[in-house]
Each structure stands twice: as structure tokens, then as C-alpha cells.
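**Q**
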Amino acid sequence: MSTVSQATRERVARQARFRCGYCLTQERVSGVPLTVEHLTPRAKGGNDTDENLWMSCRLCNEAKGILTDASDPETGDIVPLFNPREHVWSEHFAWSENGTQIIGRTSIGRATIMALSLNSDFRVRARALWVEVGWHPPG
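For the sequence shown, the numbering used here begins at 3 and goes up steadily by one.
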């Protein structure tokens with residue numbers, strides 16, 4: 003059960019532009035409400051302040067769980083996961099030419115892609131449909 007008020011959820015959702023901080027899935031495109039993500043999980047001392055909250059799709063939120071770092075598949079180094087409040091998405095990620103896959107530009111990007119399964123078959127197939135109708139990738 004969330005301890006975050008509806009007013010806080012709405013405020014954070016506006017800040018996140020109603021899209022997931024990790025895969026950029028837009029709430030209006032997916033048809034599934036985004037969840038409030040604790041960037042530092044409560045299990046690791048995180049709190050419910052705006053600075054520790056962002057929006058996440060259910061797939062990213064469930065995959066992230068209590069993770070705050072992961073292994074870069076290219077170097078093997080343990081690095082922090084992408085933090086949408088602190089990092090700029092386009093510095094760590096890019097879209098593939100066809101707009102269906104997320105490409106990691108940095109160790110943080112690569113580790114986040116792997117840890118959150120950002121390019122799972124299901125996600126890539128959904129993005130392909132969204133690309134066809136002009137809903138993806140988000141601007």
C-alpha cells in the first residue's frame with residue numbers, strides 16, 4: 003500500500019511528464035497507470051519526499067525492486083542505476099534507429115537496461131506497434 007498522497011502522485015506525475023523515468027513509456031499510450039517509484043527504496047532508507055519519488059511503469063518498478071546499482075554488462079563494473087531525478091536520459095540512453103530498443107550510451111545506461119530488462123521481447127513488440135501508429139518514441 004502506497005504512503006504517497008494523491009496530491010504528491012499528481013505533482014510527481016506532472017514533473018515526470020506522465021511517463022516512466024526509465025523506459026519513457028507514456029501512461030496514455032500504455033493504458034496502465036504509472037506507479038510512484040522510490041528512487042532509494044524504503045527498504046534501503048528511502049523516504050516519501052518528492053526528491054526520492056519519480057514515476058515508473060509497472061514493468062520497470064517490479065524489475066527494479068530494491069536495486070540501486072547493477073553490473074555493466076560490458077565492463078562488469080558495479081554502477082548506480084539510472085536516476086531520473088539526477089541524470090539526463092539522453093546522456094545515458096538512445097533509441098535504436100527503428101525506435102523499438104533502448105541503447106545504453108554509458109555504463110549506467112547499460113547496467114540499467116540489463117537490470118530492468120528494458121529491451122525484453124514484450125516491450126520491443128509493444129514499442130513496434132506504438133511506432134507504427136506514431137506514438138513512439140516519445141519526444
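All C-beta atoms, glycine included, are put in the ideal place defined by N, C-alpha and C.
What span of residues does the beta strand (DSSP E) with V6 cover, start to end?
**A** If you look at V6, you'll find it isn't in any beta strand (DSSP E); DSSP assigns it neither H nor E.
**Q** Output yes or no for whether 9 Å exceeds the beta carbon distance between V182 and L55.
**A** Given that the chain is displayed from residue 3 to residue 141, the structure contains no residue 182 and the question cannot be resolved.
**Q** Over the uninterrupted beta strand (DSSP E) stretch that includes G38, give me the two end residues.
**A** Checking the sequence, you will find Val at residue 38 rather than Gly. From DSSP, the beta strand (DSSP E) with V38 extends over 37–40.
**Q** For V81, name the three-state secondary structure that DSSP assigns.
**A** strand
**Q** With a floor of 4 residues, list each alpha helix (DSSP H) that falls wholly inside the region 94–118, ordered by position along the chain.
**A** 109–117
**Q** Near M3, which residues of its chain fall below 8 Å by C-beta distance, leaving aside the five closest residues on each side in sequence?
**A** With a pLDDT of 47 at M3, under the threshold of 50, the predicted position of this residue should be treated as unreliable, and no value is reported.
**Q** I'd like the list of long-range same chain contacts for Q28, defined as Cβ closer than 6 Å, with 5 residues on each side in sequence excluded.
**A** R21, P140
**Q** What does a CB cutoff of less than 8 Å around R13 pick up in its chain, not counting 5 residues either side in sequence?
**A** D52
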